[in-house]
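Encoded as structure tokens, the structure appears first; notes follow it.
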Amino acid sequence: MSAAFALVLRPDASFKVVEFSGNSPADINTIFSEINSPNIAVMDLSPKISVWLDDDGINVTSLNRPAIAIHAATILVSHDYYGTAVYTGTDAQNRTTGLTLDNCAALLELAGIDMPMVPHPRTD
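Residue numbers for the sequence shown follow my numbering, so the first one is 83 and each next one is one higher.
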């Protein structure tokens, strides 16, 4: 099985990519701990991408402009996001799955965030 990930995107445009298969309660706990709220909502942005957010705004910090940019690029209806957003995948049976690194990079590009390039090792 190939590696799968979730993209954690914060209001200050910082982000991290965490291992996430979507197949265990521990994976869902990862989402809850990153968002730091007992009430989380999930919204499908496409048939293959979902975003998880603080549903109650308990920990409302500031507007998450990078997440709003992703939303605007994928859905025509505007929506404000506050706090941390976590992006995961969705399979054909509507089950939560992980994303590929390419998916994470594409989401960051939609958000206007440059992803650092890791140089390929030399094989002299």
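By construction, the Cβ of each residue, glycine as well, lies at the ideal position given by its N, Cα and C atoms.
Which of helix, strand or coil DSSP assigns to residue i
i	result
ASP109	helix
VAL179	What sits at residue 179 in the sequence shown is Thr, not Val. Strand at THR179.
PHE97	strand
MET83	With a pLDDT of only 47 at MET83, under 50, the local geometry of the prediction cannot be trusted, and no value is derived from it.
ALA193	coil
First and last residue of the uninterrupted beta strand (DSSP E) at residue i
i	result
ALA88	87–91
ALA154	Taken as a continuous stretch (DSSP letters only), ALA154 belongs to no beta strand (DSSP E), being part of the alpha helix (DSSP H) at 147–156.
ALA167	167–172
Anticipated Cβ contact below 8 Å, residue i with residue j, distance rounded
i	j	result
PHE97	PHE87	That belief does not hold up - the Cβ atoms of PHE97 and PHE87 are roughly 11 Å apart, past 8 Å.
GLY104	THR179	4 Å
ILE113	ILE122	7 Å
TRP134	ILE157	The Cβ separation is near 15 Å, so there is no contact.
ASP136	SER119	4 Å
LEU183	GLY171	Actually they are not in contact, since the Cβ atoms of LEU183 and GLY171 sit about 12 Å apart, beyond 8 Å.
LEU89	VAL99	6 Å
Residue(s) in a DSSP beta bridge with residue i
i	result
LEU135	ALA123
SER144	Paired residue(s): none; SER144 is not in a bridge.
SER160	BP columns for SER160 are empty, so no partner.
SER115	Partner(s): none; SER115 has no beta bridge.
SER103	None; SER103 has no bridge partner.
When you compare the segment 177–195 with the segment 143–153, are there three or more beta-carbon pairs, one atom per stretch, that lie closer than 8 Å?
yes
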